[in-house]
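These notes are about the structure you will find just below.
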Amino acid sequence: YSQIKGKKFASLALAIPQDDVFTQNSFSNREILWPADKVFMPAHYPETDQAKLTRFAICNEKRESCIDFAQGEQAYFYCEFQLKQNIGVPIIRMMISNPFNVLVHAKNSLHHEMNLPEKVNQGDYIRFCRKITLNLAPDEYVFGLALKTMEAKDYVRLDKTDPEDFSREKIQLWRYDQMASFKITPRGGKGVKKLHGGICDLPGDCYIQLISNT
Numbered sequence: 172y173s174q175i176k177g178k179k180f181a182s183l184a185l186a187i188p189q190d191d192v193f194t195q196n197s198f199s200n201r202e203i204l205w206p207a208d209k210v211f212m213p214a215h216y217p218e219t220d221q222a223k224l225t226r227f228a229i230c231n232e233k234r235e236s237c238i239d240f241a242q243g244e245q246a247y248f249y250c251e252f253q254l255k256q257n258i259g260v261p262i263i264r265m266m267i268s269n270p271f272n273v274l275v276h277a278k279n280s281l282h283h284e285m286n287l288p289e290k291v292n293q294g295d296y297i298r299f300c301r302k303i304t305l306n307l308a309p310d311e312y313v314f315g316l317a318l319k320t321m322e323a324k325d326y327v328r329l330d331k332t333d334p335e336d337f338s339r340e341k342i343q344l345w346r347y348d349q350m351a352s353f354k355i356t357p358r359g360g361k362g363v364k365k366l367h368g369g370i371c372d373l374p375g376d377c378y379i380q381l382i383s384n385t
C-alpha cells in the first residue's frame with residue numbers, strides 16, 4: 172500500500188475484470204458500475220509513448236450504449252487507459268464542445284475532489300466514469316478526453332498552489348478532443364419543453380415576491 176494525504180490506497184496493478192461493479196481498486200467515493208463489453212466503442216485512436224486508450228462508451232442510465240438524449244437526462248461517459256510507462260498521480264479530463272468548436276464544459280478528476288493514487292505502474296489500467304446531467308441546449312455535441320499526470324509531492328500541496336503554477340505542474344500523456352458525438356433533443360412531457368435558453372443550464376435559483384397595493 173502507498174499513502175497520500177493521510178489515506179491508504181491499493182496498487183492499481185490488476186487483471187481487469189469484465190462487466191462488474193469495479194470496486195477493488197476504486198478511488199472514487201462510490202462504486203463504479205462498469206457496463207458490459209458490448210456497449211464499448213472501438214478505441215482506434217493514436218497512442219503515445221506514455222499511454223493508450225483501450226476503450227470508451229457513452230451510456231444512458233440503464234448503462235446501455237446511447238448517443239441520443241433528451242434535455243436533462245443523465246449520461247455516463249466511460250473510458251479505460253493502459254499505461255505504457257510509470258507515472259505519478261493520474262488525472263483524467265473530459266471536455267464537451269458544440270458544433271462550432273466552443274468548449275461548453277470541462278472537468279477533470281481533481282475538480283471532483285477524488286482521492287487519487289500517488290502512482291500508476293507500467294501495464295496498469297485506469298478506469299474512469301463521469302456522470303453528467305445534460306442540461307444543454309438541443310444540439311449535437313462532441314466529447315473529448317485527456318490523460319495527465321502530476322507528481323505526488325505537488326498533489327499533496329494542491330490547496331496551496333497558485334492556479335497558474337498548478338497548470339504547469341501537470342504533464343499531458345494523451346489527448347483527443349473529438350472522441351464521438353452525441354445528440355440532445357428537447358425534452359417531452361407537459362409544461363415548457365425547453366429547459367433554458369443558451370448553451371448551458373447554469374445552477375442557481377429564482378424568487379418572486381408580490382407586494383399588494385391594497
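In our numbering, the protein residues as written are 172 to 385.
We put the beta carbon where it would ideally sit given N, CA and C, even for glycine.
With H, G and I counted as helix, E and B as strand and the rest as coil, what does DSSP make of residue i?
i	result
Arg339	helix
Leu329	helix
Asp208	helix
Lys324	helix
Cys237	coil
Lys319	strand
Leu162	Outside the modelled stretch of the chain, which goes from 172 to 385, sits residue 162, for which no answer is possible.
Asn200	In this prediction, Asn200 scores a pLDDT of 46, lower than 50, which makes its location untrustworthy; the coordinate-derived value is nonetheless stated afterwards. The answer is coil: DSSP assigns Asn200 none of H, G, I, E or B.
Check the C-beta distance from residue i over to residue j and give it rounded, since I have them as a contact under 8 Å.
i	j	result
Gln253	Ala222	7 Å
Ser236	Val210	4 Å
Thr320	Ile342	5 Å
Ala207	Asn231	No, Ala207 and Asn231 are not in contact; Cβ-Cβ is about 13 Å, not under 8 Å.
Leu344	Thr219	6 Å
Met266	Ala277	4 Å
Asp372	Asn306	3 Å
Name, in chain order, the residues that DSSP records as bridge partners for residue i.
i	result
His276	Ile267
Cys371	Leu307
Pro261	Thr320
Lys223	Gln253
His230	The identity of residue 230 in the sequence shown is Cys, whereas the question assumes His. In DSSP, Cys230 forms a bridge with Ser236 and Tyr247.
Tyr296	Gln253
Phe354	According to the sequence provided, residue 354 is Lys. The question's Phe does not apply to it. Asp239 and Glu311, per the DSSP bridge assignment.
Tyr216	Tyr216 is not bridged to any residue.
For residue i, which option in the options has the closest C-alpha, if you only look at C-alpha atoms?
i	options	result
His164	Asn384, Ala323, Tyr296 and Arg301	Not covered by the structure: residue 164. The range shown for the chain is 172 to 385.
Glu340	Asp330, Lys331, Glu322 and Lys354	Glu322
Arg234	Tyr249, Tyr216, Ala317 and Lys331	Tyr249
Asp325	Leu287, Thr385 and Ala308	Leu287
Pro270	Phe353, Ser383 and His367	Phe353
Arg328	Leu281, Thr304 and Ile379	Leu281
Leu204	Ala228, Asn279 and Tyr216	Ala228
When you compare the segment 348 to 359 with the segment 310 to 323, are there three or more beta-carbon pairs, one atom per stretch, that lie closer than 8 Å? yes
Is the segment 259 to 272 in contact with the segment 289 to 296, if contact means three or more CB pairs nearer than 8 Å? yes
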